[in-house]
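Residue 1195 is where the sequence shown starts when you use the numbering used here, and the numbers rise one by one after that.
This report refers to the structure that appears directly beneath it.
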Amino acid sequence: MGIIGGYYKKLYRVLELPLDFFRSLPSLLLIPLSVLFFGIGPLASFSVISFSVFVYVFINSAYGIKYNKASFSEIGKLYKIDKIREFWLILLPSILPNIFAGIKMGFSIAFIVTIGSEMLIGHSGLGGRIIDSYMIFNTKEVFSIIIIVGMFGYFGNKILNVLEKKFIHWKGY
1195 MGIIGGYYKK LYRVLELPLD FFRSLPSLLL IPLSVLFFGI GPLASFSVIS
1245 FSVFVYVFIN SAYGIKYNKA SFSEIGKLYK IDKIREFWLI LLPSILPNIF
1295 AGIKMGFSIA FIVTIGSEML IGHSGLGGRI IDSYMIFNTK EVFSIIIIVG
1345 MFGYFGNKIL NVLEKKFIHW KGY
């Protein structure tokens, strides 16, 4: 979606304002709206998480295309490559770092919104456990869960770094 948005300037101009607006909002602010539309439950959390991740991946992918398209189009013309091969062989590899940056930011945002929505919407998952433990003043469990959440986030980012090195090996990471 972001690739298409970056490729077509008119589409990008139409979507730029709403995307920048929602990127500026803390994602957890969307939870009350989501609960109004989808009720209390996993669908409300999933919709906020999905939308939050979409914004970051879209913007980074669109920026990658928008700022690389002209220079890499010249390379395609120089080597007399058709538009489809130009996209797959030149443009897509050039924007992979932007896409991965969006995915990595999206992962962090998704993780934060997941825990936050579990704390606000329902008492399930690690966020729910934190609230339950907090309500009964179980400090040990609150800190234990916070450490577990931090470890999940840390190892999730490490996995994304390994994938980034595998798929974008030419960047010298």
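Even glycine gets a Cβ: it sits at the ideal position worked out from N, Cα and C.
* Nonlocal neighbours in the same chain, by C-beta distance under 8 Å from Gly1319, ignoring five residues either side -> Locating residue 1319 in the sequence shown gives position 125, where the first residue counts as 1. Thr1308, Ile1309 and Glu1312, listed in sequence order.
* With a cut-off of 8 Å, do at least 3 Cβ pairs link the stretch 1226-1239 to the stretch 1280-1288? -> no
* Is Ala1238 closer than 8 Å to Gly1199 when the C-beta atoms are compared? -> For the purposes of this step, residue 1199 is identified with residue 5 of the sequence shown, where counting begins at 1. For the purposes of this step, residue 1238 is identified with residue 44 of the sequence shown, where counting begins at 1. No. Outside cutoff.
* To do: Would you decide whether Ser1265 is buried or exposed? Buried here means 16 or more other CB atoms lie within 10 Å of its CB.
  => Against the sequence shown, residue 1265 aligns to sequence position 71. Counting Cβ neighbours within 10 Å, Ser1265 comes out exposed, since fewer than 16 surround it.
* **Continuous beta strand (DSSP E) assignments of at least 3 residues falling wholly in the stretch 1282-1307** => none
* Using only alpha-carbon positions, find the residue among Arg1207, Ile1362 and Phe1301 that is nearest to Ser1246. => Position 52 of the sequence shown, counting from 1, holds the residue named residue 1246. Here the closest residue by C-alpha is Phe1301.
* Start-to-end residues for the alpha helix (DSSP H) that takes in Ser1338 -> Within the sequence shown, numbered from 1, the residue matching residue 1338 stands at position 144. Thr1333 to Phe1361 is the span of the alpha helix (DSSP H), which, as asked, contains Ser1338.
* Asked: Applying the criterion that 16 or more other CB atoms from any shown protein chain within 10 Å of the CB defines a buried residue, is Lys1298 buried or exposed?
  -> The count along the sequence shown starts at 1 and reaches residue 1298 at position 104. Lys1298 is buried by the Cβ-count criterion.
* Would you kindly report the start and end of the unbroken alpha helix (DSSP H) that includes Leu1224? => Stepping through the sequence shown from its first residue, residue 1224 is reached at position 30. Counting along the chain, Leu1224 falls outside any alpha helix (DSSP H), and DSSP gives it neither H nor E.
* **With 16 other Cβ atoms within 10 Å as the buried cut-off, status of Arg1323** => Taking the sequence shown and counting its residues from 1, one reaches residue 1323 at position 129. Arg1323 comes out buried.
* To do: Give the straight-line distance between the Cα atoms of Lys1334 and Ile1306, rounded to the nearest whole angstrom.
  => Position 140 of the sequence shown holds residue 1334. Position 112 of the sequence shown holds residue 1306. In a straight line, the C-alpha of Lys1334 is about 21 Å away from that of Ile1306.
* Asked: My guess is that Ile1414 and Ile1197 are in contact by the Cβ rule of under 8 Å, so how many angstroms apart are they, rounded?
  -> In the structure as shown, the chain starts at 1195 and stops at 1367, and residue 1414 therefore has no counterpart that could be examined.
* How long is the line joining the alpha carbons of Val1242 and Ser1221, rounded to whole angstroms? -> Along the sequence shown, one-based indexing puts residue 1242 at 48. Along the sequence shown, one-based indexing puts residue 1221 at 27. Val1242 and Ser1221: Cα-Cα distance of roughly 7 Å.
* Asked: What is the rounded straight-line gap between the Cα of Val1251 and the Cα of Lys1365?
  -> Reading the sequence shown from its first residue, position 57 is the one you call residue 1251. Reading the sequence shown from its first residue, position 171 is the one you call residue 1365. About 20 Å.
* Grab me the residues of Ile1339's own chain with a C-beta within less than 6 Å of its C-beta, minus the 5 sequence neighbours each way, in chain order. => On the sequence shown, position 145 is the one that residue 1339 refers to. Leaving aside the five residues that flank Ile1339 on each side, the residues in its chain whose CB is nearer than 6 Å to its CB run, in chain order, Leu1320, Arg1323 and Ile1324.
* Is the CB-CB distance between Val1336 and Tyr1348 below 8 Å? -> Within the sequence shown, the letter at position 142 stands for residue 1336. Within the sequence shown, the letter at position 154 stands for residue 1348. No. Outside cutoff.
* Going by CA-CA distance only, name the one from Phe1231, Lys1271, Asn1292 and Ile1303 that's closest to Ser1218. => One-based indexing of the sequence shown puts residue 1218 at position 24. Ranking the options by Cα distance to Ser1218, first place goes to Ile1303.
* Would you say Ile1234 and Gly1296 are within 8 Å of each other, going by their C-beta atoms? -> Taking the sequence shown and counting its residues from 1, one reaches residue 1234 at position 40. Taking the sequence shown and counting its residues from 1, one reaches residue 1296 at position 102. Against a cut-off of 8 Å, the Cβ pair of Gly1296 and Ile1234 comes out as no contact.
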